[in-house]
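Chains as they are written, first to last, in my numbering: chain R, 131 to 321; chain Z, 131 to 321. Note that beta-carbon positions come from the ideal geometry of N, C-alpha and C, so glycine has one too. Values in this document were obtained by computation on a predicted structure and should not be read as measured data.
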DNA sequence: TTTAATATATGACCTTTATCATATATTAAA
DNA sequence: TTTAATATATGATAAAGGTCATATATTAAA
């Protein structure tokens with residue numbers, strides 16, 4: 131028996147990780163299968179041993195990213211829910227995020243998903259609902275945010291990041307991110 | 131001299147209009163030149179008599195849409211600034227808008243623009259700043275919204291529409307739109 | 001009714017790219 | 001050190017699509 135069981139699995143994860151990075155940066159049509167594979171030191175030939183096609187990879191990489199997202203991280207024990215929520219907002223509305231460090235698919239793939247298949251949309255929806263639930267859960271322990279407030283905050287921060295990516299002036303971007311950070315914190319009860 | 135001066139101009143506008151509709155619906159790569167032309171009763175051959183290429187059309191259609199956008203419409207005389215702003219929000223956060231009736235490029239092309247050239251991004255930025263200015267102007271006459279509030283509201287409504295397009299459950303979409311309508315109105319001083 | 005200028009259509013080209021068939025390389029076990 | 005199973009690479013194919021050269025159609029003026 132050649133190769134250990136974990137080898138293919140590791141390669142697969144490498145592809146998924148790299149694919150998510152590329153897809154969020156350039157969109158489904160902006161990346162070639164070749165590019166996807168060379169980006170992790172492989173060639174296109176090996177691709178179909180791992181995935182049935184480009185669309186399948188797109189969907190899988192989305193699911194992969196969802197499960198390893200920062201928002202689904204569990205809160206460290208030594209800080210309060212409120213403080214943790216503040217940190218999540220800080221990270222989400224940061225230049226690092228806008229520049230593609232651990233990109234959130236909700237912001238980076240917002241319009242890209244529209245032209246993808248149903249499965250991609252369902253995954254997107256699941257991630258979106260997960261985000262709302264996460265924020266809702268954290269707020270419930272210290273305040274009493276209603277659904278309107280949660281939904282408007284997620285739209286705000288997703289929108290802010292999506293918009294920021296297209297603005298080239300960093301000053302404008304910073305202002306936008308700071309503004310949304312303040313308003314989102316206020317809506318969520320002084321975070 | 132064949133053809134009247136206005137003929138080509140009318141055709142050009144027809145192409146621009148139709149192109150904007152298609153680009154917002156399916157993204158730059160999701161539409162072919164063939165499709166763009168057949169959508170207004172022409173064939174691809176005629177295309178290059180009007181535009182230097184697909185990218186050029188994308189940029190021009192974006193500018194065209196910007197100049198004919200609802201947000202740049204002037205307010206009717208018989209209603210207040212506040213009421214008019216309310217109507218703008220109603221329209222923006224409506225199912226019609228989400229379904230592609232007079233689509234706002236800020237929401238519909240948010241991530242699509244990222245892979246386009248500098249010119250497209252500049253146009254996007256201009257439209258974005260115009261939207262902020264418009265809302266700012268209307269609010270100043272009855273209230274005293276600061277920049278943070280304006281910027282967070284535009285992110286919110288743009289984000290809401292972008293997200294809504296990917297959610298298939300209409301109930302969820304309606305809830306989201308209504309929530310953002312309420313919160314945006316509140317932030318803008320009870321609109 | 002011609003005609004010249006312009007608009008539009010047709011056909012072809014060439015590049016890109018997803019996909020697949022086949023060949024080669026790799027590695028754990030015998 | 002073989003060997004069999006699996007992973008990866010190479011080469012080929014075919015389709016799609018942007019672009020352009022050329023042909024045809026249209027129309028205002030002569």
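In terms of residues, what are the limits of the alpha helix (DSSP H) holding residue 213 of chain Z?
Taking the first residue of the second chain as position 1, residue 213 of chain Z is located at position 83. First-last of the alpha helix (DSSP H) with residue 213 of chain Z: 211–222.
Could you work out which residue in R:280, R:289 and R:278 is closest to residue 283 of chain Z when comparing CA atoms only?
The residue labelled residue 283 of chain Z in the question sits at position 153 within the second chain. The option with the nearest alpha carbon to residue 283 of chain Z is R:289.
Taking the straight line between their C-alpha atoms, what separation do you get for residue 261 of chain Z and residue 149 of chain R?
Start at 1 with the first residue of the second chain, and residue 261 of chain Z comes out as number 131. Start at 1 with the first residue of the first chain, and residue 149 of chain R comes out as number 19. Going from the Cα of residue 261 of chain Z to the Cα of residue 149 of chain R covers about 34 angstroms.
Beta-carbon contacts of residue 254 of chain Z that lie in its chain and below 6 angstroms, excluding the five residues immediately before and after:
Residue mapping note: residue 254 of chain Z aligns to position 124 of the second chain, counting from 1. In its chain, beyond the 5 residues on either side, 243 have a beta carbon closer than 6 angstroms to the beta carbon of residue 254 of chain Z.
Does the distance from the CB of residue 314 of chain R to the CB of residue 219 of chain R come in under 7 angstroms?
The count along the first chain starts at 1 and reaches residue 314 of chain R at position 184. The count along the first chain starts at 1 and reaches residue 219 of chain R at position 89. Closer than 7 angstroms, so yes.
Considering only their Cβ atoms, is the gap separating residue 271 of chain R from residue 211 of chain R smaller than 7 angstroms?
For the purposes of this step, residue 211 of chain R is taken as the residue at position 81 of the first chain. For the purposes of this step, residue 271 of chain R is taken as the residue at position 141 of the first chain. Taking C-beta atoms as the reference points, residue 211 of chain R and residue 271 of chain R count as a pair closer than 7 angstroms.
In terms of residues, what are the limits of the alpha helix (DSSP H) holding residue 260 of chain Z?
Residue mapping note: residue 260 of chain Z aligns to position 130 of the second chain, counting from 1. It spans 248–270 - the alpha helix (DSSP H) in which residue 260 of chain Z sits, taken as one unbroken run.
May I ask you to report which of helix, strand or coil DSSP gives residue 199 of chain Z?
Position 69 of the second chain holds residue 199 of chain Z. When DSSP states are grouped into helix, strand and coil, residue 199 of chain Z belongs to the coil group.
Any Cβ of chain R within less than 7 angstroms of the Cβ of residue 266 of chain Z?
The count along the second chain starts at 1 and reaches residue 266 of chain Z at position 136. No, because no Cβ of chain R sits closer than 7 angstroms to the Cβ of residue 266 of chain Z.
Determine whether the Cβ of residue 261 of chain Z lies closer than 7 angstroms to any Cβ atom of chain R.
Counted from its first residue, the second chain places residue 261 of chain Z at position 131. So, not an interface residue.
Are at least three pairs of beta-carbons, each pair with one atom in the segment 266–281 of chain Z and one in the segment 132–142 of chain Z, less than 8 angstroms apart?
No contact exists between the segment 266–281 of chain Z and the segment 132–142 of chain Z.
Suppose the cutoff is 8 angstroms on Cβ atoms and the five residues either side in sequence are ignored; what does the same chain contact list for residue 306 of chain Z look like?
Mapped onto the second chain, residue 306 of chain Z falls at position 176. In its chain, beyond the 5 residues on either side, 290, 293, 294 and 297 have a beta carbon closer than 8 angstroms to the beta carbon of residue 306 of chain Z.
In chain order, each alpha helix (DSSP H) run of at least 4 residues that lies wholly inside the segment 142–193 of chain R
Scanning the segment 142–193 of chain R from its first residue to its last, the whole alpha helix (DSSP H) runs of 4-plus residues come out as 163–168.
Rounded C-alpha distance that separates residue 221 of chain R from residue 310 of chain R:
Locating residue 221 of chain R in the first chain gives position 91, counting from the first residue. Locating residue 310 of chain R in the first chain gives position 180, counting from the first residue. Approximately 12 angstroms, taken between the alpha carbons.
Applying the criterion that 16 or more other CB atoms from any shown protein chain within 10 Å of the CB defines a buried residue, is residue 175 of chain R buried or exposed?
What you label residue 175 of chain R is simply residue 45 of the first chain in a count that begins at 1. Residue 175 of chain R is exposed by the Cβ-count criterion.
Using the three-state DSSP reduction, which class does residue 231 of chain R fall into: helix, strand or coil?
Start at 1 with the first residue of the first chain, and residue 231 of chain R comes out as number 101. It is coil, neither helix nor strand.
Using CA coordinates, which residue listed in Z:287, Z:269, Z:301 and Z:159 is at the minimum distance from residue 318 of chain Z?
Residue mapping note: residue 318 of chain Z aligns to position 188 of the second chain, counting from 1. Across the set Z:287, Z:269, Z:301 and Z:159, the C-alpha of Z:269 shows the shortest separation from the C-alpha of residue 318 of chain Z.
Alpha carbon to alpha carbon, how far is residue 206 of chain R from residue 217 of chain R?
One-based indexing of the first chain puts residue 206 of chain R at position 76. One-based indexing of the first chain puts residue 217 of chain R at position 87. Straight-line Cα distance between these residues: approximately 11 angstroms.
Give the C-beta separation of residue 228 of chain R and residue 303 of chain R to the nearest angstrom, bearing in mind that I take them to be a contact with Cβ-Cβ under 8 angstroms.
Start at 1 with the first residue of the first chain, and residue 228 of chain R comes out as number 98. Start at 1 with the first residue of the first chain, and residue 303 of chain R comes out as number 173. Correct: roughly 7 angstroms between the Cβ atoms.
Quick check on residue 279 of chain R: buried or exposed, where buried means 16 or more other Cβ atoms within 10 Å of its Cβ?
Stepping through the first chain from its first residue, residue 279 of chain R is reached at position 149. Buried, since its Cβ has 16 or more Cβ neighbours within 10 Å.
Collapsed DSSP secondary structure at residue 320 of chain R in the structure displayed
Working through the first chain from its first residue, we reach residue 320 of chain R at position 190. Three-state DSSP puts residue 320 of chain R in coil, outside helix and strand.
Please check if any C-beta of chain Z sits within less than 7 angstroms of the C-beta of residue 226 of chain R.
Against the first chain, residue 226 of chain R aligns to sequence position 96. Chain Z has no Cβ within less than 7 angstroms of the Cβ of residue 226 of chain R.
Looking at chain Z, which residues of the segment 281–296 of chain R have a Cβ within less than 7 angstroms of any of its Cβ atoms?
Result list: 281, 282, 285, 286, 288, 289, 290, 292, 293, 295 and 296.
For the alpha helix (DSSP H) that residue 278 of chain Z lies in, which residues bound it at each end?
Walking along the second chain from the start, residue 278 of chain Z turns up at place 148. Counting along the chain, the alpha helix (DSSP H) containing residue 278 of chain Z begins and ends at 277–294.
Just to confirm, is the Cβ distance from residue 241 of chain Z to residue 250 of chain R under 7 angstroms?
Along the second chain, read from residue 1 onward, the residue named residue 241 of chain Z stands at position 111. Along the first chain, read from residue 1 onward, the residue named residue 250 of chain R stands at position 120. Cβ atoms of residue 241 of chain Z and residue 250 of chain R: not closer than 7 angstroms.
To the nearest angstrom, how far is it from the Cα of residue 146 of chain R to the Cα of residue 184 of chain R?
The residue labelled residue 146 of chain R in the question sits at position 16 within the first chain. The residue labelled residue 184 of chain R in the question sits at position 54 within the first chain. Linking residue 146 of chain R to residue 184 of chain R through their CA atoms gives a straight-line distance of about 11 angstroms.
Rounding to the nearest angstrom, what Cα-Cα distance links residue 167 of chain R and residue 172 of chain Z in this structure?
Locating residue 167 of chain R in the first chain gives position 37, counting from the first residue. Locating residue 172 of chain Z in the second chain gives position 42, counting from the first residue. Across the structure, residue 167 of chain R and residue 172 of chain Z are spaced so that their CA atoms are roughly 40 angstroms apart.
Considering only the beta carbon of each residue, do residue 158 of chain R and residue 188 of chain R sit closer than 7 angstroms?
Working through the first chain from its first residue, we reach residue 158 of chain R at position 28. Working through the first chain from its first residue, we reach residue 188 of chain R at position 58. In this structure, residue 188 of chain R lies closer than 7 angstroms to residue 158 of chain R by Cβ.
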